[in-house]
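Notes for the one structure printed next.
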Amino acid sequence: MLRTLRNYVFWAYERGSLHYDIMVTAILLFVFITPHLWNYNDRPVFHLPSQVMVDNDGSGELVYQVRATDVQKEAALTGNTDLALRHIIEPIAGDVRIERYEVVPGVSDNHPVAYKVWAHR
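Position in the sequence shown (first residue = 1) + 8 = the numbering used here.
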């Protein structure tokens, strides 16, 4: 019994044998079944905006600052500023709910430079 177990650990069985097939089957079961049993909290990242700053507002809440050009590009695709902000922030913060956002105006003109977003998980 110990010899069989040792041979499994050191992968000592020849290819095509019954024990080799059992080891391969066990590995495949582990690979395909464990993601359904355990949540690894991994998500694919489809795109990351060029610049998103994350800051603490002092009360423990995180504030995300997103460039206005990134929001405008995304809003042209989605048709909604709230949805555009959420699409930009989610790859960084995960699944979030936007509480509120503010437009940060430029210094010399009133064109928006950035958006400050308060979002919660």
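Heads up, the beta-carbon is just placed ideally off N, CA and C, and yes, glycines get one too.
Predicted, not measured: the structure shown is a model, and the values here were computed from it.
Check	Outcome
Any chain C beta carbon closer than 7 Å to W19	This model lacks chain C altogether, as it is built from one protein chain only.
CB contact flag (A127, V111, <7 Å)	no
Buried versus exposed call for I97 [16 or more other C-beta atoms within 10 Å across all chains shown]	buried
8 Å CB neighbourhood of I100 in its chain, flanking five on each side removed	L56, V60, V62 and Y72
One or two residues paired with Y109 in a DSSP bridge	V125
Residues bridged to P4 (per DSSP)	The structure shown does not extend to residue 4, since the chain is modelled only from 9 to 129, so the question has no answer here.
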